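**Student:**
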RNA sequence: GGUCGGAUGGCCGAGUGGCUAGGCAGAGGUCUGCAAAACCUCGUACAGCGGUUCGAAUCCGCUUCCGACCUCCA
């Protein structure tokens, strides 16, 4: 197990050596989706980023318990601690049960995650499945003096909490200024302080999603589910808590406060935040209307797209940027990733066809270590990919007979690709129906070879051009003709 | 307004106080019946202005621009 992994910790705003609390076990909690609508590509990026992190930790030999929640209750539609949660509203709009909404989009989310080849979490708890735990936690926070009830709604007392704790530890904001600058929106709030947030919310008479509690019928606030479920499955203190950067200021800040107020300890040792996917420099989001749905991308049906891109192309595109950088989404960038990804996978295909030499004039020894160095430096996948392209260049050169590699070199290249392309980066071959087509293509290539042998280039070119139009590209070489799908 | 983060060659994107990732696009070449692919070579980029330094794109300051968060969002 390599022990030189360094992780950027939002808490300290520095890179820190990764030292699990109880090695070889690692507890990681990632805030999952709110399943009241389709996940868009920006959401996917976060989960692909954490998939990379999960995969690398596993690759290093850690026993990871990866918990990622499904938010299926309590996430309010408005910007105040009142009104409907998102599920109730959506259910009313579509004349469905809230749980039908939840079911539909949970399945959709899982389908998309599978297409992106992400490993499923170890535990995927739902908010509605943990109402009792959340109520218990709220009770404890009240008992500890950090929350109060008003008319059936329980609020977290930020001012009280901040007397002995650093409420803004995660984002380093000035609490006094926050209090002064917080917009005065509602007016009719029952809250004592402007920053106070709801732990438990009283249900209105028409509200369908409701549970009994010591404070009457209601439903949990959004933040409390993560605190309750992370402590249930990972303990009061665990290794990594992650999520999108947009969650840091509010959701995660409140999570820390809740856990501290309940358990007298900060929940996670390392806080990791992934950056946003942008479109023309602006964050992709549901409310901005610039969200891409995964299937629009795969099929190319979005008006901003010229063509569709496969899930692995998109995954590769995401991994070509560091998880803490914004990534700008465009046709051109996707096109570049598409071609690059095919080049890389094509080189891997050639690995089995390489002929070993007695001597070597290629350098493959350092590539793997360079990949580990890159991943150990806060999961720097773009640098890993650069190394893999170096490997691809070597493979192509050897295949062309322009360079010599020993059997040992070839084995090293195979091992490199297995470990990093498949295992760590989580990429996979996307070949459909190759078996059938393969035999047909063999036959067609045979026909064309005969035409070529007869110098009947009219026929051979006709075959090649015809296939080209169908999206199949022929490549002639000394060893014969190969084909790829464009 | 506050907090934080950015500005890298045609595009996307790493990185670093001196050895100047990578992909895509472009130019030239090798190979080839011709293509395609592949390989080789090439463009010497780091917002602007000052400063520190033997040396900065990398550190510091200022300026301009952009973004995120502060209000639901991964």
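Numbering (the numbering used here), first residue to last: 9 to 494.
Glycine residues also receive a C-beta, built at the ideal position from the N, C-alpha and C atoms.
Since we're looking at a predicted model, the values are computed, not measured.
#1: What number of angstroms, rounded off, separates the C-alpha of residue 273 from the C-alpha of residue 244?
#2: With distances taken from CA atoms, which of 185, 142, 485 and 438 is nearest residue 320?
#3: List, from N- to C-terminal side, the alpha helix (DSSP H) runs of 4 residues or more that fit wholly inside the stretch 10-82.
#4: Would you decide whether residue 451 is buried or exposed? Buried here means 16 or more other CB atoms lie within 10 Å of its CB.
#5: Spatial neighbours of residue 250 within its chain, please: CB distance less than 6 Å, with the 5 preceding and 5 following residues excluded, ordered by chain position.
#6: Return the CA-CA distance between residue 20 and residue 490, expressed in angstroms with no decimal places.
#7: Quick check on the burial criterion: 16 or more other C-beta atoms within 10 angstroms. Buried or exposed for residue 307?
#8: Return yes when the Cβ of residue 406 is within less than 9 Å of the Cβ of residue 362, no when it is not.
#9: Scan the stretch 341-412 and note each continuous beta strand (DSSP E) run of 3 residues or more that stays entirely inside, going in chain order.
#10: Quick check: what's the CA-CA separation for residue 366 versus residue 374?
#11: Indicate whether residue 43 and residue 110 have their beta-carbon atoms separated by less than 9 Å.
#12: As an exercise, report each continuous alpha helix (DSSP H) stretch of at least 4 residues that is fully enclosed by the stretch 188-270, in chain order.
#13: Taking residue 485 as part of the beta strand (DSSP E), name the residues at either end of that continuous run.
#14: For the stretch 370-388 against the stretch 412-423, do three or more pairs of beta-carbon atoms, one drawn from each stretch, fall closer than 8 Å, so that the two count as touching?
#15: For residue 212, does the count of other Cβ atoms within 10 angstroms reach 16, so buried, or fall short, so exposed?
#16: In or out: residue 122 buried (at least 16 other Cβ within 10 Å) or exposed?
#17: What are the start and end residues of the alpha helix (DSSP H) that includes residue 158?
#18: Look at the Cβ atom of residue 330, then the Cβ atom of residue 275, and state whether they are nearer than 9 Å.
#19: Just grab the DSSP bridge partners of residue 290 for me.
#20: Using 8 Å as the cut-off, can you tell me whether the stretch 309-316 makes contact with the stretch 347-363, which would need three or more C-beta pairs spanning the two stretches below that distance?
#21: For residue 180, I'd like the list of residues in its chain whose CB is within less than 8 Å of its CB, leaving aside the five on either flank, ordered along the chain.
#22: Express the C-alpha separation of residue 260 and residue 176 in angstroms, rounding to a whole number.
#23: What distance in whole Å lies between the Cβ atoms of residue 135 and residue 77, which are believed to be in contact at a cut-off of 8 Å?
#24: Can you check which of these residues, 225, 217 and 126, is closest to residue 162 by C-alpha distance?
#25: Closest to residue 435 by CA distance: which of 334, 184 and 124 is it?
#26: Closer than 8 Å by C-beta to residue 169: which residues in its own chain qualify, once you throw out the five before and the five after it? Chain order, please.
#27: Have a look at 35, 402 and 209 and flag the residue whose alpha-carbon is nearest the alpha-carbon of residue 351.
#28: Buried or exposed, going by whether 16 or more other CB atoms sit within 10 Å of the CB of residue 227?
#29: Can the beta-carbon of residue 138 be found closer than 9 Å to that of residue 27?
#30: Between which two residues does the beta strand (DSSP E) carrying residue 164 extend?
#31: Can you tell me whether residue 143 is buried or exposed, with buried defined as 16 or more other CB within 10 angstroms of its CB?
#32: The beta strand (DSSP E) that contains residue 281, what's its start and end?
#33: Rounded to whole angstroms, what's the CA-CA distance from residue 36 to residue 132? Just pull it up for me.
#34: Taking residue 474 as part of the alpha helix (DSSP H), name the residues at either end of that continuous run.
#35: Residue 83 and residue 301 - do their beta-carbons sit closer together than 9 Å?
#36: Rounding to the nearest angstrom, what Cα-Cα distance links residue 492 and residue 93 in this structure?
**Tutor:** On the basis of the coordinates in this document:
#1: Distance between the alpha carbons of residue 273 and residue 244 is about 7 Å.
#2: Comparing Cα positions, the closest option is 438.
#3: Runs of the alpha helix (DSSP H) inside the stretch 10-82: 49-67.
#4: Under this definition residue 451 is an exposed residue.
#5: Apart from the 5 residues on each side of it in sequence, residue 250 sits with its Cβ closer than 6 Å to the Cβ of 38, 58 and 280 in its chain, given in chain order.
#6: Distance between the alpha carbons of residue 20 and residue 490 is about 53 Å.
#7: Its Cβ having fewer than 16 others within 10 Å, residue 307 is exposed.
#8: Cβ distance < 9 Å, so residue 362 and residue 406 count as in contact.
#9: Segments of the beta strand (DSSP E) lying fully in the stretch 341-412: there are none.
#10: When rounded, the distance between both Cα atoms is 20 Å.
#11: It is a contact, given that the beta carbons lie within the stated cut-off.
#12: Qualifying alpha helix (DSSP H) stretches, in chain order: 230-242.
#13: DSSP places residue 485 inside the beta strand (DSSP E), whose first and last residues are 480-485.
#14: Enough Cβ pairs lie closer than 8 Å, so yes.
#15: Residue 212 comes out exposed.
#16: So residue 122 ends up on the exposed side.
#17: Here residue 158 belongs to no alpha helix (DSSP H); instead the beta strand (DSSP E) covers 155-158.
#18: Using a Cβ distance threshold of 9 Å, residue 330 and residue 275 do not count as a contacting pair.
#19: Beta-bridge partners assigned by DSSP to residue 290: 287.
#20: When Cβ pairs closer than 8 Å are counted between the two stretches, the stretch 309-316 is seen not to touch the stretch 347-363, the count staying below three.
#21: Result list for residue 180: 21, in chain order.
#22: Their Cα atoms are separated by approximately 10 Å.
#23: Correct: roughly 7 Å between the Cβ atoms.
#24: Out of 225, 217 and 126, 225 has the C-alpha closest to the C-alpha of residue 162.
#25: Ranking the options by Cα distance to residue 435, first place goes to 124.
#26: Sequence-distant partners of residue 169 (beyond 5 residues in either direction) whose C-beta falls short of 8 Å from its own C-beta, in its chain, are 154, 175, 265, 268 and 269.
#27: A check of alpha carbon separations from residue 351 across 35, 402 and 209 identifies 402 as the nearest.
#28: Here residue 227 is buried, its C-beta having at least 16 other C-beta atoms within 10 Å.
#29: Not a contact, by the Cβ cut-off of 9 Å.
#30: Boundaries of the beta strand (DSSP E) around residue 164: 161-164.
#31: A buried status is given to residue 143, since no fewer than 16 other beta-carbon atoms sit within 10 Å of its beta-carbon.
#32: Judged by DSSP secondary structure, residue 281 falls within the beta strand (DSSP E) whose first and last residues are 276-282.
#33: Approximately 12 Å, taken between the alpha carbons.
#34: Boundaries of the alpha helix (DSSP H) around residue 474: 465-477.
#35: Note that the C-beta distance between residue 301 and residue 83 is not below 9 Å.
#36: Approximately 50 Å between the Cα atoms of the pair.
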